[in-house]
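Mapping the sequence shown onto this note's numbering, position 135 (from 1) lands on 1338, and the numbers just tick up by one. The beta carbon of each residue, even a glycine, is placed where N, CA and C say it ideally should be. All figures in this text were calculated on a predicted structure; none of them were measured in a lab.
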Amino acid sequence: MRPPRIQRDELLKCLQDNFASSSSTGQVGLVLLDIREFRELNRSFGEQCGNCVLAEIDSRLNALPSPGFQSYYLGNDEFAVVLSTLKSPGFAVLGVEQIIDQFKRVFEWQQHTLKITVNCGLAYNFDAHQDPNKLLYDAETALIRATAQNQPYQLLGKNEQAEVDQLKWQLLNDLHEAMRDDKLSLYYQPKIRLGAPSPADASHHSAEALIRWETEAHGIIAPHTTLPLIEHLGSEVELIRWLVNTALKKISTMENRGTAVGLSINVPPASVTTRELHAIIREALALWQVPASLLTLEITEDVLIRDKEEAFNHLSKLRALGVRIAIDDFGTGYSSLTLLKRLDIDMLKIDQSFVRGAQQTDPDRVILEAIIHMARGLGVDVLAEGVE
């Protein structure tokens, strides 16, 4: 196995493009990370093991939600992640913590289980950083400090950590109130069906329901920030109950208007294996009296990797209710083919890293074509992320 393709030039172009639009979309952060144990890994298990770990890290970082996160491989054991549309330094650090969370799940090599940790350096352009190379230099400086002090991450500047702590507490408190007072909402991203007889038919087929939280102090908070905060509060069950009922209410409203629109919701990883999930969906279907086939539950591969047997059992019971199951970010985990073989799924959502790469490299194009061909042969629908 080869390591990922080096993308330093693409990183600089991405930063330049983000700087050009930052006045209207928010500020830009840059995270550099390197693997603490990489030399020992290569010495102990060989170069092939190191390349396998690099490829898996590349997949996990590419699976982070876009456009908030854009990842690049810089060579050796170093990666970069661009954080866009930031509202303050505090949001930049929340992004770093989500990156570090990607390494909580162990890596596997042959019969070995590997625990990989990283150091991260963070810089952002809230002041006069309008030069990509300057931002890169500052992030490298922060990474050197993090490595020297053996800390998960370092950031440049004064008082940022105090601001981060204050922001976290404020957001957690505000989110608790928003959930209590029913101030969250859903917005709907159409799924475009290629080959539809008309543009209207193409966009009215189905949609993905995405959580929307609008605050007075910080404006709209992105889902990839909201969901980890909800997990921190331990409110996943309350969230999934609200998600399911809000989505089914919308389906019911559309049906009463003569339009059958399917909606999909993202199930938080911690909710997939809870006993409450099945009961919540069963009761909501009975309450809103809509066909179960119009509701799709999107789950990520890593859930099935962590708690494989329990997750399979829970999802089989959900399929028995008639709801559809989709695998989100397909292709970024270890057990993709096993999933197709064992789990009766309805849709694969191909990770956008393959879609983006298909325009540039032959390997990504070949992988994309193979996934589509395999899914069609199994009678599974395919949705490509990031086509726009």
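Which residues in the same chain have their Cβ closer than 7 angstroms to the Cβ of residue i, if we skip the five residues on either side of it in sequence?
i     : result
F1306 : I1319, T1320 and V1321
I1484 : V1447, L1521, L1524 and V1526
H1421 : K1290
E1572 : none
G1278 : I1209
T1418 : D1377 and I1424
P1431 : Q1301
V1583 : I1548, D1549, M1550 and L1551
E1213 : Y1275
Within 10 Å of its beta-carbon, does residue i have 16 or more other beta-carbons around it, so buried, or fewer, so exposed?
i     : result
I1423 : exposed
P1207 : buried
D1385 : exposed
K1216 : exposed
K1361 : With a pLDDT of only 45 at K1361, under 50, the local geometry of the prediction cannot be trusted, and the value read off the model is given with reservation. K1361 is exposed by the Cβ-count criterion.
Q1592 : Lying before the first or after the last residue shown, residue 1592 is absent from the chain, which here runs from 1204 to 1591.
P1292 : buried
S1247 : exposed
P1155 : One cannot answer for residue 1155 here, as it falls past the ends of the chain, which runs 1204 to 1591.
E1501 : buried
E1243 : exposed
D1565 : exposed
G1580 : exposed
S1224 : exposed
H1315 : exposed
G1253 : buried
N1516 : exposed
E1504 : buried
N1469 : buried
L1490 : exposed
Leaving aside the five residues before and after residue i along the sequence, list all residues of the same chain whose C-beta is less than 6 angstroms from its C-beta, in chain order.
i     : result
T1462 : none
S1474 : E1439, I1443 and L1480
P1355 : I1303
H1332 : The pLDDT assigned to H1332 is 49, lower than 50, so where the model puts this residue is not dependable; a value taken from the coordinates is nonetheless given after this. Around H1332: L1338.
R1478 : none
I1570 : F1557
L1488 : A1495
N1221 : V1231 and S1287
A1578 : L1551 and V1585
For residue i, which option in the options has the closest C-alpha, if you only look at C-alpha atoms?
i     : options                       : result
T1163 : E1458, G1271, N1265 and I1575 : Nothing in the structure corresponds to residue 1163, since the chain is present only between 1204 and 1591.
A1412 : I1433, L1389 and I1395        : L1389
Q1301 : D1334, H1315, A1266 and D1532 : A1266
L1436 : H1408, L1317, G1465 and N1376 : N1376
L1378 : K1552, W1491, E1250 and R1415 : R1415
A1425 : V1585, H1408, P1268 and G1249 : P1268
G1298 : L1235, R1308 and D1261        : L1235
V1256 : V1309, T1476 and K1511        : V1309
L1218 : H1315, L1543 and Y1340        : Y1340
R1211 : E1259, E1311 and P1335        : P1335
L1387 : T1449, L1586, V1569 and A1223 : T1449
A1258 : L1397, T1456 and E1311        : E1311
Q1251 : Y1276, Q1313 and T1344        : Q1313
A1342 : N1328, N1353 and E1588        : N1328
E1588 : N1353, N1254, Q1555 and E1504 : Q1555
I1391 : H1517, L1466 and E1240        : First, the residue type needs correcting, since residue 1391 is Tyr and not Ile in the sequence shown. For Y1391, the nearest C-alpha among the options comes from L1466.
Q1373 : F1294, W1445 and S1455        : F1294
E1433 : R1383, I1260 and R1545        : The amino acid at residue 1433 is misidentified as Glu; the sequence shows Ile. Ranking the options by Cα distance to I1433, first place goes to R1383.
S1455 : E1486, V1493 and R1205        : V1493
N1353 : K1452, R1239, D1567 and R1568 : R1239
Leaving out five residues before and five after residue i in sequence, what residues of the same chain have Cβ atoms less than 8 angstroms from its Cβ?
i     : result
L1264 : F1272, S1274, F1282, V1284, I1302 and Q1305
D1237 : N1279, D1280, E1281, F1282, V1321, N1322, L1346 and T1350
D1547 : S1519, R1522 and I1528
L1586 : K1394, A1529, M1550, L1551, K1552 and I1553
H1427 : L1267, P1268, G1271, F1272 and Q1301
E1380 : K1386
M1457 : A1463 and V1464
N1245 : C1252 and G1253
Relative to the ligand NAD, is the shortest distance from any of its heavy atoms to the C-beta of residue i smaller than 7 angstroms?
i     : result
D1377 : The ligand NAD is absent from the structure shown, which contains no ligands of any kind.
Unbroken stretches of the beta strand (DSSP E), 3 residues or longer, contained in the stretch 1386-1460: Runs found: 1388-1394, 1409-1418 and 1422-1424.
Touching by the beta-carbon criterion (3+ pairs, under 8 angstroms), the stretch 1483-1501 and the stretch 1517-1537: The stretch 1483-1501 makes contact with the stretch 1517-1537; the number of CB pairs closer than 8 angstroms reaches 3 or more.
Hey, which unbroken runs of the alpha helix (DSSP H) at 4 residues or more fall wholly within the stretch 1458-1540? Whole alpha helix (DSSP H) segments, 4+ residues: 1472-1475, 1478-1491, 1504-1509 and 1511-1524.
Kindly confirm or deny that the stretch 1269-1288 and the stretch 1228-1241 touch, where touching means at least three C-beta pairs closer than 8 angstroms. Segments in contact, yes.
Alpha helix (DSSP H) segments (min. 4 residues) lying fully within the stretch 1283-1350: You should have 1292-1304.
Just to confirm the assignment: which complete beta strand (DSSP E) runs, minimum length 3, are found wholly within the stretch 1215-1239? Secondary structure in the stretch 1215-1239: the beta strand (DSSP E) runs of 3 residues or longer, each lying completely within the stretch, are 1230-1238 in chain order.
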